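So the protein lines, in turn, are chains D and X.
0 is the number of the first residue of the first sequence in numbering that gives the first Met the number 0; add one for each residue after it.
0 is the number of the first residue of the second sequence in numbering that gives the first Met the number 0; add one for each residue after it.
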Amino acid sequence: MLDLFRIAIRNLMRYKRRTILTASLITIGVVFVLVFISVSGSFKAMMIGQITDSMLGHIQIHKKGYVSSIDNLPLTLNIKPAAVKRIEEVIGQIPEIESHSKRIKFGGMFSTFVETTTIRLNGVYPEDEFRAVPLLPSRIIQGKKGLARGEILLPDLIFKGMNVNVGDSIVVVATNEDGSVNGRQFTVSGMIESATGPGGRDGYIHIEDAAEILRMEEQEISEIALKLHDFNKLHEIYSMLQDKLGEEKNQQGKPVLEVHTWESLSPFFNIARMIDIMTFFIKLMLIAIVLISIMNVMIMAVYERIREIGTIAAIGTMPEKILSLFVLEGFSLGVFGAIVGNLIGMGIILILNVSKITFDFGRQTGLILSPSISGKEMLMISVIVIVVAVIASLQPAYKASCMEPIKALRHT
Amino acid sequence: MSLIISEDIRKNYSAGEITVEALKGLNFTVEPAAFVSFIGPSGSGKTTLLNLIGCLDKPTSGRLTVAGAEVSRLDRRQSALFRGMNLGFVFQDFNLIPVLTVYENVEYPLLMVRNVPSAERRKRVMALLDSVGMADHKGKRPDQISGGQKQRVAIARALVSDPKLVLADEPTANLDHETAYMVINSMKRLRDELGTTFIFSTHDPKIVGEAEIIFTLEDGRIVDTRKAKGGKGDA
């Protein structure tokens, strides 16, 4: 086999310029794909990180039907304390869950005593919330990075629109589950910017204040946001939760709870999917480049070496060895292109990291692009290139192996 | 037992509705260790006959036995295997593999066809390169040696796997007279040393005399058979 390799490599080197051009084409393709995957992957990871770590969490648990009517923030679809306890027991049994945060979400009226507007409020335990969505404190762009009882973090839209300052007293009025109205005074502790751009009306208060304003006798929960240790285990943990929480049934035997990953809660998932689709098409382009360039060079190689094929066939070389010889030439081109492409690709990715290129996402500016590529991804790209190179060589190699030596020897 | 037995072999080529009879019923035998030449003008059927003997083509009719095998009955794979085990070829244009050195060209049949172990390969290749006087050029590529040297390398390659029969189609056609004479004498000497049967075709009257048996072909028929003293063959 090694001798076949040696001959294959020498055959490639007899047309140095053509081999270098073909290998360069494959190399450029591999570099392009690697850089694209790493950059788009970095952007995607950053985007998902911003969405999940600054507001959504990785997974959320709600009462069945809550998400479909989430725009109304229905208090009637809150999770009762017994169910919350059961959920927390389940969460406690899954070590992959890093933290969780219980939230009471409700809509209300916000008044500065001069002007009034609507607001969406999240009642949270600040420590839990900051653990479940660790980028939340970085969104507080004015005031203190914390939240105590009696304080409110206002979205910048309302903060600026209502001309409020940190330390001002404001009033929140909300309607509870029974339809009665209650109000409470808060001190503005800070301004929080929206994670996704202008339009966000979500403010934060302490969960006990929320329960108080909604006159809850027992603390009910609208949603529980979870953060995982390893984001790559998202679907594994999601399935686990689905299984365990699916056991919670109502009197009609239907599930009481629903579990959602961030993917079904944010429209940004579609952007993430678009990136995946683009990556897929870029890989298809790479396959086309490798397929056409190697097929072209191997067809030429077979055509130019017909008499040589006739000679080796005449002296008794078996057809499968002739086939192997040509396939190995394509294989070697693929391996060379993959190795050099990976090395150059890694170099470019390193340079991009050192250059600290920044980009903006939503209201977040100056996010540093940190492209990276996993060994698994590099291996996969290399395998694709090599397999396609072999496939592209098969037809010309097969043609060579099937040549009648007498006809091949007559070829001029 | 004869190495080659040809019984009324015929070979026709068809081109559309036209059929050309290249060989018209040849009967002859060649004994082991013979040094045989087929001569005749262009189109007389020399190359066609050598192709049949070399299992590169099949006769249209008749029976051709080479080294005990009826070659017309061999399929493609069997033919390749038979050639690898029993035959050596020397081509008019040398047909050395340009990317391989002289040594590697000679080694090729042992490596790719016979799978001979490395030490044995080295021994046999060097012995043959010595025999043809090319040992000093073993590291050169074909484009770095002369035509006569190329043909000597080709002879070494044909003999390296110890075949029963070496077929040489116009082996001296591209060589000057002196070199041609040297090549033919090399072949003859190797026949004497190794006992390998050599069959070559030529239309060069000056080297024909070196053959021990000369079959003259004309228009697809053997029209004359001459034997030098001690020649091994019959027609």
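Just so you know, even glycine gets a beta-carbon here, dropped at the ideal spot from N, CA and C.
Because the structure is a prediction, the values reported are computed rather than measured.
Using a Cβ cut-off of 8 Å, which residues of the segment 12-27 of chain D contact any Cβ in chain X, in chain order?
So the close ones are Met12, Arg13.
Does alanine 399(D) pass the burial test, meaning 16 or more other C-beta atoms within 10 Å, or should it be called exposed?
For the purposes of this step, residue 399(D) is identified with residue 400 of the first sequence, where counting begins at 1. By the 10 Å Cβ count, alanine 399(D) comes out buried.
Do we get a CB-CB distance below 8 Å when we pair lysine 419(D) with the residues of chain X?
Residue 419(D) is absent from the structure shown; chain D starts at 0 and stops at 411.
With 16 as the cutoff for other CB atoms within 10 Å, does lysine 226(D) come out buried or exposed?
Stepping through the first sequence from its first residue, residue 226(D) is reached at position 227. Under this definition lysine 226(D) is a buried residue.
Whether or not the segment 101-108 of chain X and the segment 34-44 of chain X are in contact is what I'm after, with contact meaning three or more pairs of Cβ atoms, one per stretch, closer than 8 Å; do they touch?
Too few Cβ pairs lie closer than 8 Å, so no.
Give a yes or no on whether 8 Å exceeds the smallest Cβ distance from proline 58(X) to chain D.
To locate residue 58(X), count along the second sequence from 1; it is residue 59. Output row for proline 58(X): interface = no.
Give me the DSSP bridge partner(s) of glutamine 141(D).
By 1-based counting over the first sequence, the position of residue 141(D) is 142. Met190(D).
Taking 8 Å as the CB-CB limit, is isoleucine 6(D) close to chain C?
Looking for chain C here will not work: the only protein chains present are D and X.
With 9 Å as the C-beta to C-beta threshold (strictly closer), list the residues of the segment 331-342 of chain D near chain X in chain order.
Listed by position along the chain: nothing, the set is empty.
Do you know how far the Cα of isoleucine 213(X) is from the Cα of valine 260(X)?
A question about residue 260(X) goes unanswered here, because the residues of chain X that appear run from 0 up to 234.
Given a threshold of 16 other Cβ atoms within 10 Å of its Cβ, counted over all protein chains shown, does leucine 51(X) qualify as buried or as exposed?
Taking the second sequence and counting its residues from 1, one reaches residue 51(X) at position 52. Classification for leucine 51(X): buried.
What does the alpha-carbon distance come out to for the pair isoleucine 78(D) and glycine 245(D)?
The count along the first sequence starts at 1 and reaches residue 78(D) at position 79. The count along the first sequence starts at 1 and reaches residue 245(D) at position 246. Rounded to whole angstroms, isoleucine 78(D) to glycine 245(D) spans 14 Å at the Cα level.
Can you give the beta carbon distance from valine 255(D) to alanine 82(D), rounded, assuming they're within the 8 Å contact cut?
Locating residue 255(D) in the first sequence gives position 256, counting from the first residue. Locating residue 82(D) in the first sequence gives position 83, counting from the first residue. Valine 255(D) to alanine 82(D), Cβ: 6 Å. Contact.
CB-CB under 6 Å to isoleucine 298(D), same chain, minus the five flanking residues each way: which ones, in chain order?
Residue 298(D) sits at position 299 when you count from the first residue of the first sequence. Here the set comprises Pro395.
When Cβ atoms are compared, which residues of the segment 102-122 of chain X fall closer than 7 Å to chain D?
For the segment 102-122 of chain X, which is checked against every Cβ of chain D, the residues closer than 7 Å are Pro108, Leu110, Met111, Val112.
List the endpoints of the continuous beta strand (DSSP E) containing serine 110(D).
One-based indexing of the first sequence puts residue 110(D) at position 111. Start and end: 96-110.
Based on the DSSP secondary-structure assignment, which residues constitute the bridge partners of alanine 14(X)?
Taking the second sequence and counting its residues from 1, one reaches residue 14(X) at position 15. Answer by DSSP bridge pairing, in chain order: Ile17(X).
For the segment 286-303 of chain D, enumerate the residues whose C-beta is nearer than 7 Å to any C-beta of chain X, in chain order.
Those residues of the segment 286-303 of chain D that come within reach of chain X (Cβ to Cβ, closer than 7 Å) do not exist; the list is empty.
So, for proline 154(D): in the same chain, excluding its five sequence neighbours on each side, which residues have a beta-carbon less than 7 Å away from its beta-carbon?
Along the first sequence, one-based indexing puts residue 154(D) at 155. Contacts found: Ile191, Ser193, Gly199, Arg200, Asp201, Gly202.
Mind checking whether alanine 66(X) and leucine 189(X) have CB atoms under 8 Å apart?
Numbered from its first residue, the second sequence carries residue 66(X) at position 67. Numbered from its first residue, the second sequence carries residue 189(X) at position 190. In this structure, leucine 189(X) does not lie closer than 8 Å to alanine 66(X) by Cβ.
Evaluate proline 266(D) with the Cβ neighbour count: other Cβ atoms within 10 Å of its Cβ, from every protein chain shown; 16 or more gives buried, anything less gives exposed.
Taking the first sequence and counting its residues from 1, one reaches residue 266(D) at position 267. Exposed.
Please tell me whether isoleucine 183(X) and isoleucine 154(X) are closer than 8 Å, where the distance is taken between their beta carbons.
Counting from one through the second sequence, the residue named residue 183(X) turns up at place 184. Counting from one through the second sequence, the residue named residue 154(X) turns up at place 155. No, these two residues do not count as a Cβ contact at 8 Å.
On a CA-only basis, which of Thr411(D), Met402(D), Asn121(D) is nearest alanine 79(X)? Give me that one, please.
As a working note, residue 79(X) is residue 80 in the second sequence. Comparing Cα-Cα distances from alanine 79(X) to each of Thr411(D), Met402(D), Asn121(D), the minimum goes to Met402(D).
For the segment 35-94 of chain X, which segments carrying the beta strand (DSSP E) assignment without a break, of at least 3 residues, lie completely within its bounds, in sequence order?
Runs of the beta strand (DSSP E) inside the segment 35-94 of chain X: 60-65, 86-89.
Provide the residue span of the beta strand (DSSP E) that contains lysine 122(X), from first to last.
As a working mapping, residue 122(X) is identified with position 123 in the second sequence. Taken as a continuous stretch (DSSP letters only), lysine 122(X) belongs to no beta strand (DSSP E), being part of the alpha helix (DSSP H) at 117-130.
Any idea which residues DSSP pairs glutamate 217(X) with across the strands?
For the purposes of this step, residue 217(X) is taken as residue 218 along the second sequence, with counting starting at 1. Per DSSP, Arg220(X).
Would a check of beta-carbon distances place valine 98(X) closer than 8 Å to chain D?
In the second sequence, the residue the question calls residue 98(X) occupies position 99. Interface residue, yes.
Could you give the first and the last residue of the continuous beta strand (DSSP E) run that contains leucine 418(D)?
Residue 418(D) lies beyond the residue range present for chain D, which begins at 0 and ends at 411; the question has no answer from this structure.
Whose Cβ in chain X lies nearer than 8 Å to the Cβ of proline 395(D)?
For the purposes of this step, residue 395(D) is taken as the residue at position 396 of the first sequence. Near proline 395(D) there are no residues of chain X at all, since even the closest Cβ is about 18 Å away, more than 8 Å.
Buried or exposed for glycine 142(D), please, with buried defined as at least 16 other CB atoms from any protein chain shown within 10 angstroms of its CB.
Here residue 142(D) refers to the residue found at position 143 of the first sequence. Under this definition glycine 142(D) is a buried residue.
Tell whether a beta-carbon distance below 8 Å holds between serine 1(X) and valine 29(X).
On the second sequence, position 2 is the one that residue 1(X) refers to. On the second sequence, position 30 is the one that residue 29(X) refers to. It is a contact, given that the beta carbons lie within the stated cut-off.
Could you check the C-alpha separation between lysine 144(D) and methionine 108(D) for me, to the nearest Å?
Translated into the one-based positions of the first sequence, residue 144(D) becomes position 145. Translated into the one-based positions of the first sequence, residue 108(D) becomes position 109. Taking the straight line from one Cα to the other gives about 24 Å.
State the Cα-Cα distance for the pair isoleucine 93(D) and glutamate 87(D), rounded to the nearest angstrom.
Counting from one through the first sequence, the residue named residue 93(D) turns up at place 94. Counting from one through the first sequence, the residue named residue 87(D) turns up at place 88. One C-alpha to the other measures close to 10 Å.
Any C-beta of chain X within less than 9 Å: which residues of the segment 219-236 of chain D qualify?
Listed by position along the chain: nothing, the set is empty.
How would you list, in chain order, the residues of chain X whose beta-carbon sits under 7 Å from the beta-carbon of isoleucine 405(D)?
Taking the first sequence and counting its residues from 1, the one referred to as residue 405(D) is at position 406. Chain X residues near isoleucine 405(D): Asn50, Leu55, Asp56.
Between the alpha carbons of valine 353(D) and leucine 33(D), how many angstroms are there, rounded?
Position 354 of the first sequence holds residue 353(D). Position 34 of the first sequence holds residue 33(D). When rounded, the distance between both Cα atoms is 17 Å.
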